[in-house]
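So the structure is just underneath, and the comments pick up after that.
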Amino acid sequence: MVKIKAAIIGSGNIGTDLMYKLERSEVIELTAMIGIDPESDGLKRAKEKGYLAFHNGIQSLKDNPEIADIVFDATSAKTHVRHAKVLAELGKLAIDLTPAARGPFVSPAVKTDAYLNEKNVNMITCGGQATIPIVHAINSVADVSYAEIVATISSKSAGPGTRANIDEFTITTRRGIEEVGGADKGKALIILNPAEPPILMRDTIYCEVKNMDEAAITKSIEQMVETVKEYVPGYRLKQEPLFDGNRVTVFVEVEGAGDYFPIYAGNLDIMTAAATRVAEDFAIHMLEKQSV
């Protein structure tokens, strides 16, 4: 089967986990891993698997533009600001796994085909991918006036890129809650928990709604959980939604697939799984256009 070529920039935790997701794709052919440290574990693993492994950063794409049509950026928000300009000049589709927010926000669970004509899309944040679908589900039946999320992840699953992006995380996730989730106003917090043994990713979603309907909200949440589970099997509700007046609180947990990091790193897994699903949507769209 014909596939669309793709490359990953960033050989850290997220980029390496993404590599394992992409190698199972039926419509994407991973060709290269691009980093800056020749001794990074990600580049070593990519080379062992037979992929091209570059350690001169985005210059490798300038020198070899034919290696990919889709480029995943798993570096940092500040770095993607620079990368976005280069990728645009090269005519590459950029799927941004940083909170740089240079393109429209995308959550594959909140279906829309509008982004398929974009050249740079943003995957928001791990906390955003875990919580925004729930906010959207509640908003679709109850009209959310305010939504607040708290993402708690294991310290061990937060690499240098994640730690460098804490400020961007709160801003980008808050915007995603409003622009994709549909809340009139949003707020986002992240907690790095050093507990041993490491905890699974857990998220709390608190919403104030204008049209309370407990049965409709519960049904909408449960349907959304099943939608997310299609590409993140370890995504689940911790308990039934809690209702209090015009307020609803939802607790979710994300168990990772264990492709690269252990299963406690659900924050990595939900980002890479969501990015893979979005890239596959693009790839199918590209292949359909080629066949016309």
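By full-length UniProt numbering, the letter at position 207 of the sequence shown is numbered 207, and the numbering carries on one by one without gaps.
For every residue, glycine included, the Cβ atom is placed at its ideal position computed from N, Cα and C.
This structure is a prediction, so every number in the text was calculated from the model and none was measured.
- Following the DSSP letters along the chain, one finds Val71 inside the beta strand (DSSP E) bounded by residues Ile70 to Asp73.
- In the DSSP annotation of this structure, the continuous segment of the beta strand (DSSP E) that includes Leu93 starts and ends at Leu93 to Asp96.
- Residue pairing by DSSP places Asn193 opposite Ser154 in a beta bridge.
- Between the stretch 122-129 and the stretch 162-182, the count of C-beta pairs closer than 8 Å reaches three or more; the two stretches touch.
- Tyr231 is positioned such that its CB atom lies closer than 8 Å to that of Pro108.
- For Phe243, the closest of Thr218, Asp41, Met201 and Val225 by C-alpha to C-alpha distance is Thr218.
- For Ala215, the enclosing alpha helix (DSSP H) starts and ends at Glu214 to Lys229.
- No residue range can be given for Asn165, since it is assigned to no beta strand (DSSP E) and is classified by DSSP as neither H nor E.
- Rounded to whole angstroms, Asp167 and Ala158 show a C-alpha spacing of 14 Å.
- Spatial neighbours of Lys238 in its own chain (CB-CB distance under 8 Å, excluding positions within 5 residues in sequence) are listed in chain order as Arg202, Phe251, Val252 and Glu253.
- For Met33, the beta-bridge partners assigned by DSSP are Ile8 and Ala53.
- For Glu89, no beta strand (DSSP E) encloses it; the enclosing alpha helix (DSSP H) starts and ends at Ala77 to Leu90.
- For Leu242, the secondary structure class from DSSP, reduced to helix, strand or coil, is strand.
- In the structure shown, the three-state DSSP call for Glu148 is strand.
- In this chain, Thr112 is not harboured by any beta strand (DSSP E), its DSSP state being neither H nor E.
- The stretch 148-165 and the stretch 111-118 do not touch, with fewer than 3 CB-CB distances between them shorter than 8 Å.
- Contact annotation: Ala275 and Ile221 have beta-carbon atoms that are not nearer than 8 Å.
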